[in-house]
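Residue numbers (our numbering): 2 to 322.
We put the CB at the ideal spot given by N, CA and C, even for glycine.
Computed from a predicted model, the values in this text were never measured in an experiment.
Each remark here refers to the structure printed beneath this line.
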Ligand code: TXD
C-alpha cells in the first residue's frame, strides 16, 4: 500500500508537534507548510534528524510553496493566530478567517481529494468557512475540538477519583467555546457512572454535585487555563495529540467513535451547522453521526452552544467571508 501523504498547513506550535507525532507513529509522509520563510524547513529538518534515534522511515519536508502539498490524502490546518491571555477564541475571528480564505483556496487547488481536519480557532466558524471555500463534501471537512475537550474532562475525572484515565469515558458536545457541553450523565469509569462513584466517595449528594460542577467548569475553561500559564500562546501538545487520533482513525479506517466538529443535517434536531458531536471516523472522513438521547437540560445546553456557533457564523457572513 502506498504511503499516505499528510499536509500540515501552519508550522507553528501545533504544526511542529503534529509533524513529530506523525513521524513517530509512521502514519505517512509529511509536508509542513508555513508562510514564514525557513521555519517549516527548520522544523522538518530537526524532526527528520531524529529518524535514526526514533526509527521512523517517513519523509518529512518543510515548505513555503503550496505546490508541495499536491495530492495530499489528509490536510490538517492550524494556520492562524492563537489566543493571548484575556482573549476569547472568538476574538480571533477576523484575522483567522482571512488566513483560512487563502489556505482553503490552496487546499482546493492542490489537494482536491483530501480529507481536511481544521484546528484553527474559532474552530466551528473556521471549519464552516473551510468547507464553504473548498466545496468539499461535508463529511470530508471536519474539525478537532471535542477529542481534546473530552480528554480534558476525562483527565480531571481520573485525578478526582484516583483511577486510571484509560478507564474513564467522557464526552463533550457542542461548539468549541465556553458554552461547550460536558455530558455528566454519560461520564463513566468502565461503565460505572461517575456521579455514582463521586456520591460513594463523599457519601453526600450535594458535595458530589459540587465536585462535578467544578470539573465541568474547569473543562469549559481548560484552554484559557493553559493560555494563562503559557502567556505567549495556547495549548499545543494536547490539541496535536487529539488531531492525530482523528487522523489515525481515518488513515487506518478504524471507525472510531470520536467527538468531532461535524456538519449536521437534522441530527440532534440541528440542520446546516457544524457542531461537536460523536461521529464514526473512517476512510471517508466523518462517515456517520451517532445520536444519543439528551435530557431537556442537556438539550437546552446544546441549543445554547449551537446559538453561539450560529452567531459566529452570522458574524462571518456579515463581514463578507
Ligand atoms: O483544539 C483546538 N481546536 C485548538 C485550537 C486548541 C488550541 C489552539 N487552537 C488554535 O490552533 C489556535 O487558537 C490557533 O488558531 C491554531 C494554531 O495554534 P498554534 O499554537 O499552532 O499557533 P502558532 O504557533 O502561532 O502557529 C500558527 C502558524 C504560525 O507559524 C504562522 O506563521 C502560521 O500559522 N500562519 C500561516 N500559515 C499558512 N498560511 C497562512 N496564511 C498563515 N498565517 C499564519
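Considering only DSSP beta bridges, list what residue 274 is partnered with. Looking at the DSSP assignment, residue 274 forms a beta bridge with 265.
Between residue 279 and the rest of its own chain, which residues show a CB-CB distance below 6 Å, the 5 nearest in sequence each way excluded? For residue 279, where only same-chain residues beyond five positions count, the Cβ hits under 6 Å are 258, 260, 291.
In the segment 140–175, which residue ranges form an unbroken beta strand (DSSP E) of at least 3 residues, counting only runs that do not cross its ends? Listed in chain order, they are 142–144.
Could you check if residue 218 belongs to the surroundings of ligand 1, using beta carbon to heavy atom distance under 7 Å? No.
Quick check on residue 61: does DSSP put it in helix, strand or coil? Strand, per DSSP.
Going by C-alpha distance, which of 66, 174, 45 is nearest residue 301? Of 66, 174, 45, the residue nearest in Cα terms is 174.
In three-state DSSP terms, what is residue 17? Helix, per DSSP.
DSSP-derived helix/strand/coil call for residue 281: Here residue 281 sits in strand by DSSP.
Opposite residue 22 in the DSSP bridges: which residues? In the DSSP output, where bridge partners are listed per residue, residue 22 has none listed.
One or two residues paired with residue 327 in a DSSP bridge: The first residue shown for the chain is 2 and the last is 322, placing residue 327 beyond what the model contains.
Taking the straight line between their C-alpha atoms, what separation do you get for residue 97 and residue 268? Spanning the two alpha carbons is a distance of roughly 28 Å.
What residue from 112, 27, 288 has the CA that sits closest to residue 135's CA? Of 112, 27, 288, the residue nearest in Cα terms is 112.
Hey, would you say residue 1 sits closer than 8 Å to residue 94, going by beta carbons? Because the chain spans 2 through 322 in this model, residue 1 falls outside it and cannot be assessed.
Three-way DSSP call (helix, strand, coil) for residue 1 in this model: A question about residue 1 goes unanswered here, because the residues of the chain that appear run from 2 up to 322.
Just curious, the alpha helix (DSSP H) that residue 100 is in, first and last residue? 94–111 is the span of the alpha helix (DSSP H), which, as asked, contains residue 100.
Determine the closest residue to residue 170 out of 229, 192, 253, with distance taken between C-alpha atoms. Checked all of 229, 192, 253; the closest Cα to residue 170 is 192.
From the DSSP secondary-structure annotation, give me the bridge partner or partners of residue 189. Under the DSSP definition of a beta bridge, residue 189 partners with 170, 194.
Is residue 220 near residue 125, with beta carbons less than 8 Å apart? For residue 220 and residue 125, no; Cβs fall outside 8 Å.
Residue 329: CB within 7 Å of a non-hydrogen atom of ligand 1: Since the first residue of the chain shown is 2 and the last is 322, residue 329 is not available in this structure.
Cross-strand partners of residue 260 (DSSP beta bridge): For residue 260, the beta-bridge partners assigned by DSSP are 279.
Among 17, 4, 10, which has the Cα closest to the Cα of residue 238? When only C-alpha atoms are compared, the closest one is 17.
Coil, strand or helix - residue 201 by DSSP: Helix at residue 201.
Using the Cα positions of residue 244 and residue 262, report the straight-line distance between them to the nearest angstrom. Taking the straight line joining both Cα atoms gives about 12 Å.
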